[in-house]
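Q: By the count of the numbering used here, the sequence shown reaches residue 169 at its end, each step adding exactly one.
Backbone N, C-alpha and C define an ideal beta-carbon position, used for all residues, glycine too.
Small disclaimer: the values here were computed from a predicted structure and weren't measured.
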Amino acid sequence: MLHADFPVVEGNYQLTPNWGITLPGKFNRRIEEGDLVLWNPQLTIWIAIWNNDHAQSQEARLENIKKVMSNDAHQVSTSSSEGMLRFSYRLHENISEQDGIAEEPETVAAFHCFALGERGQVEMAVYLDSEADVKQAEAILLSLKETVTS
């Protein structure tokens with residue numbers, strides 16, 4: 020069930036003037052800690068978007084991402100199509116605090132992914148309520164589109 024106090028987005032959604040995404044259903048939307056957060060009962064997606072201010076190649080930016088990737092990353096994948104370089108990996112993350120209240124440690128399945136375009140990149144951390152939802156997370160990564168204007 021979605022939260023009535025937050026806006027709802029679905030389908031083809033324009034993240035910024037340069038980036039769009041296709042969502043597989045309805046999601047609530049909020050900004051938290053400077054990032055866009057989309058969530059529904061199955062998935063929580065944290066999204067950060069950057070411009071390519073230093074005019075680095077996609078490959079150079081990917082190497083920088085790999086340098087800071089967790090040693091616990093598994094199911095690492097790289098693909099390229101339609102001028103977009105995509106990189107993803109899985110993690111099982113321990114969450115010990117929620118809303119500032121200490122709780123028993125909990126492990127959450129996460130799908131971390133990046134779409135590197137010509138003029139910028141999107142980083143997403145997709146938290147899954149069920150391992151079966153990873154296919155949705157992969158489809159969301161593949162749906163990211165960069166709009167390049169002259």
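Helix, strand or coil: which one does DSSP assign to L161?
A: Start at 1 with the first residue of the sequence shown, and residue 161 comes out as number 142. Looking at L161 - three-state DSSP - the assignment turns out to be helix.
Q: Examine the Cβ distances between the segment 33-40 and the segment 157-164 and report whether three or more of them are shorter than 8 Å.
A: yes
Q: Go through its chain and collect everything with a Cβ distance to P43's Cβ below 8 Å, but skip five positions before and after it.
A: Stepping through the sequence shown from its first residue, residue 43 is reached at position 24. Cβ neighbours of P43 beyond the five flanking positions: Q155, A158 and I159.
Q: Reducing DSSP to helix, strand and coil, say where R80 ends up.
A: For the purposes of this step, residue 80 is taken as residue 61 along the sequence shown, with counting starting at 1. Helix.
Q: Determine contact between the segment 61-74 and the segment 135-155, defined as no fewer than three beta-carbon pairs at a distance below 8 Å.
A: yes
Q: From what residue to what residue does the beta strand (DSSP E) around A151 run?
A: In the sequence shown, residue 151 corresponds to position 132, counting from 1. Counting along the chain, A151 falls outside any beta strand (DSSP E), and DSSP gives it neither H nor E.
Q: What do you reckon, are the CB atoms on A128 and E101 nearer than 8 Å?
A: If you number the sequence shown from 1, residue 128 lands on position 109. If you number the sequence shown from 1, residue 101 lands on position 82. Going by C-beta atoms, A128 is not nearer than 8 Å to E101.
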